[in-house]
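Asker:
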Amino acid sequence: MGEGILINGISSIKQLKRYISIPKKEEIVLEKVVKIHPIEITKYYLSLIDKNDKNDPIKKMIVPSVEEMDLSGDYDTSGESENTKTVGLQHKYPQTALMLLTNRCAAYCRYCFRKRLVGLQTKEILKRVNDATDYIKKHKEIDNVLISGGDSLIQPTEVIEKVIKLLFSIPHIRYIRFGSKIPVVFPDRIIKDKKLLEVFKKYSKNKQIYIITHFNHPKEITKKSTEAVSKFIKSGVIVKNQTVLLKGVNDNPEILSKLMNKLTSIGVNPYYIFQCRPVKRVKNHFQVTLYDGIKIVEEAKKQLSGLGKRFKYMMSHKTGKIEIIGIMGDYMYFKYHQAKNQANVGKLFKKRINKEIGWLDNLK
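According to this note's numbering, the residues represented by the sequence shown are 456 to 819, in order.
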């Protein structure tokens, strides 16, 4: 089971119109949008949209918008091209390698920070797994690998097993992580594939496997997604979650706290809340300002117990992974959680408050 699941998805505006009302003027623009950045939505995920709510959060995340014609921003905001060591393999931080296993997802999020490659022909995706493992074998400082894409779990189970087997055969690899939104947008991929769960159970006995899910809103936590998570946990996998702070989706303390509480209750550890990156065709209609983001996150934390608020509010910047700590006086405070320049790890710094800015580069 794997990429075949896309066959029954919604992959055109014409198909989408059967489920969602689209004004004619808007339809013309959306056809232009999807020629640049394709549409793919599973029928399961589409079913979560409330058709009577024009501001439905699922709709905003997954349905193409005329706002995607806005070209503000950059396609590679984290400098991924600068960290590519061989096709499909990035090495930015000493301990971690990042494999881009595919350019496909079961559903294409409209706020995707890899909009430049997802669903498109690209030279950034791994062609030969052995090329990546050869590099990793030579770099003994690497002790973990993050497998991403696209969505790593869209790959056939046989491919996933091959990757795990190859990576776990390297003595200095201690654990691997799969980044995936499959539990959110197509839980049947997990629920109905016994072989996938057997693979995870088999290999997690020796070294740890993590699944990093991507729940952004409480509506995404359904009976089916909960079952998918439960099956992962029973197979010996540790499940953590990364959320993106998104305007019009979860930029509300009550929604965020509800999401974190629900995740904790189904056995998912809240890991990061990421500041939305200033990606071209994303920035202006999804990014919350840093000032507002800090206020929202801190207010949400007040409503959570210790388990629910273990996450960090982060920015994935060209210079490193930066924790957004908070506000004191006239300044916003930050800390390097990881850094491309290792001398910066743990470094605290401050920037003067600007209530209109959503990214570090524009602060003074």
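Cβ atoms here follow ideal geometry from the backbone N, Cα and C, with glycine treated the same way.
What you are looking at is a predicted structure, and each value in this text was computed from that prediction instead of being measured.
#1: Cα separation between residue 543 and residue 551?
#2: Please give the ranges of any beta strand (DSSP E) in the stretch 773-802, keeping only runs that are unbroken, at least 3 residues long and fully inside the region.
#3: Report yes if the CB atom of residue 488 is closer than 8 Å to the CB atom of residue 523, and no otherwise.
#4: Report yes or no: do the stretch 563-571 and the stretch 734-742 share at least 3 C-beta pairs separated by less than 8 Å?
#5: Express the C-alpha separation of residue 659 and residue 526 in angstroms, rounding to a whole number.
#6: Quick check on residue 609: buried or exposed, where buried means 16 or more other Cβ atoms within 10 Å of its Cβ?
#7: Could you name the residues of the same chain whose beta carbon sits closer than 8 Å to that of residue 621, not counting the 5 residues immediately before and after it, in chain order?
#8: Residue 669 and residue 707 look like a contact to me (Cβ under 8 Å); what is the Cβ gap, rounded to whole Å?
#9: Touch check for the stretch 666-681 and the stretch 629-638: three-plus C-beta pairs under 8 Å?
#10: Give the list of continuous beta strand (DSSP E) stretches no shorter than 3 residues that lie fully inside the stretch 592-636.
#11: Residue 725 lies in the beta strand (DSSP E); which residues open and close that run?
#12: Would you report the Cα separation of residue 795 and residue 537, rounded to the nearest angstrom?
#13: Please list, in chain order, all residues of the same chain as residue 786 whose beta carbon is under 8 Å from its beta carbon, the five residues on each side excluded.
#14: Can you tell me where the alpha helix (DSSP H) holding residue 470 begins and where it ends?
#15: Nearest CA to the CA of residue 817: which residue from 802, 769, 745 and 783?
#16: Is the stretch 716-729 in contact with the stretch 765-773, if contact means three or more CB pairs nearer than 8 Å?
#17: Classify residue 619 as buried or exposed, calling it buried when 16 or more other Cβ atoms lie within 10 Å of its own Cβ.
#18: In whole angstroms, give me the CA-to-CA distance for residue 461 and residue 644.
#19: Under a three-way DSSP split, which group does residue 836 fall into?
#20: Using a Cβ-Cβ cut-off of 6 Å (strictly less than) and excluding sequence neighbours within five positions of residue 595, which residues of its own chain qualify?
#21: Just verifying my parser: in three-state terms, what is the DSSP assignment at residue 483?
#22: Between residue 470 and residue 634, what straight-line distance do the alpha-carbon atoms span, to the nearest angstrom?
#23: Note down the Cα distance separating residue 545 from residue 593, rounded to an integer number of angstroms.
#24: Taking a contact to mean a Cβ-Cβ separation below 8 Å, would you say residue 630 touches residue 662 in this structure?
#25: Starting from residue 739, follow the alpha helix (DSSP H) in both directions and report where the run begins and ends.
#26: Helix, strand or coil: which one does DSSP assign to residue 459?
#27: I believe residue 496 touches residue 485 by the beta-carbon criterion, under 8 Å. Please report the beta-carbon distance rounded to the nearest angstrom.
#28: What does the Cβ neighbour count give for residue 465, buried or exposed, with the cut at 16 atoms within 10 Å?
Answerer: Based on what the coordinates show:
#1: On the sequence shown, residue 543 is found 88 positions in, with the first residue counted as 1. On the sequence shown, residue 551 is found 96 positions in, with the first residue counted as 1. Whole-angstrom Cα-Cα distance: 14 Å.
#2: Taking only runs of at least 3 residues, the beta strand (DSSP E) segments lying wholly in the stretch 773-802 are 775-783 and 786-794.
#3: Counted from its first residue, the sequence shown places residue 488 at position 33. Counted from its first residue, the sequence shown places residue 523 at position 68. Cβ atoms of residue 488 and residue 523: closer than 8 Å.
#4: Taking 8 Å as the limit for Cβ pairs, the verdict is that the stretch 734-742 does touch the stretch 563-571.
#5: Within the sequence shown, residue 526 is the residue found at index 71, counting from 1. Within the sequence shown, residue 659 is the residue found at index 204, counting from 1. If you take the alpha carbons of residue 526 and residue 659, they lie about 43 Å apart.
#6: Walking along the sequence shown from the start, residue 609 turns up at place 154. Buried is the call here.
#7: Translated into the one-based positions of the sequence shown, residue 621 becomes position 166. Excluding positions up to five away in sequence, the list reads 584, 585 and 588.
#8: Working through the sequence shown from its first residue, we reach residue 669 at position 214. Working through the sequence shown from its first residue, we reach residue 707 at position 252. Residue 669 to residue 707, Cβ: 19 Å. No contact.
#9: Touching, yes.
#10: Listed in chain order, the complete beta strand (DSSP E) runs (minimum 3 residues) inside the stretch 592-636 are 599-603 and 630-634.
#11: Looking up residue 725 in the sequence shown gives position 270. Counted as a single uninterrupted DSSP element, the beta strand (DSSP E) harbouring residue 725 occupies residues 724-730.
#12: Taking the sequence shown and counting its residues from 1, one reaches residue 795 at position 340. Taking the sequence shown and counting its residues from 1, one reaches residue 537 at position 82. Whole-angstrom Cα-Cα distance: 11 Å.
#13: Taking the sequence shown and counting its residues from 1, one reaches residue 786 at position 331. Hits under 8 Å: 805, 806, 807 and 808.
#14: Here residue 470 refers to the residue found at position 15 of the sequence shown. 468-471 is the extent of the alpha helix (DSSP H) around residue 470.
#15: Position 362 of the sequence shown, counting from 1, holds the residue named residue 817. Ranking the options by Cα distance to residue 817, first place goes to 745.
#16: Below 8 Å, enough C-beta pairs join the stretch 716-729 and the stretch 765-773 to call them touching: three or more.
#17: Taking the sequence shown and counting its residues from 1, the one referred to as residue 619 is at position 164. Buried.
#18: In the sequence shown, the residue the question calls residue 461 occupies position 6. In the sequence shown, the residue the question calls residue 644 occupies position 189. For residue 461, the predicted structure reports a pLDDT of 46, less than 50, and the residue's modelled location is therefore unreliable. A value from the coordinates is still provided. Note on geometry: alpha-carbon atoms of residue 461 and residue 644 lie some 11 Å from one another.
#19: Coverage of the chain is limited to positions 456 through 819, which leaves residue 836 absent and any answer about it impossible.
#20: Numbered from 1 along the sequence shown, position 140 holds the residue referred to as residue 595. 627.
#21: Sequence index remark: in the sequence shown, residue 483 carries index 28 (1-based). Helix, per DSSP.
#22: Mapped onto the sequence shown, residue 470 falls at position 15. Mapped onto the sequence shown, residue 634 falls at position 179. Their Cα atoms are separated by approximately 28 Å.
#23: Here the question's residue 545 lines up with position 90 in the sequence shown. Here the question's residue 593 lines up with position 138 in the sequence shown. Between residue 545 and residue 593, the C-alpha separation is close to 14 Å.
#24: By 1-based counting over the sequence shown, the position of residue 630 is 175. By 1-based counting over the sequence shown, the position of residue 662 is 207. Remark: C-beta atoms of residue 630 and residue 662 approach each other more closely than 8 Å.
#25: Locating residue 739 in the sequence shown gives position 284, where the first residue counts as 1. Residues 738-741.
#26: To locate residue 459, count along the sequence shown from 1; it is residue 4. Model confidence at residue 459 stands at a pLDDT of 46, short of 50, so the residue's coordinates are unreliable and nothing is read from them.
#27: Here residue 496 is taken as the residue at index 41 of the sequence shown, counted from 1. Here residue 485 is taken as the residue at index 30 of the sequence shown, counted from 1. About 13 Å separates the two Cβ atoms, so there is no contact after all.
#28: Locating residue 465 in the sequence shown gives position 10, where the first residue counts as 1. Classification for residue 465: buried.
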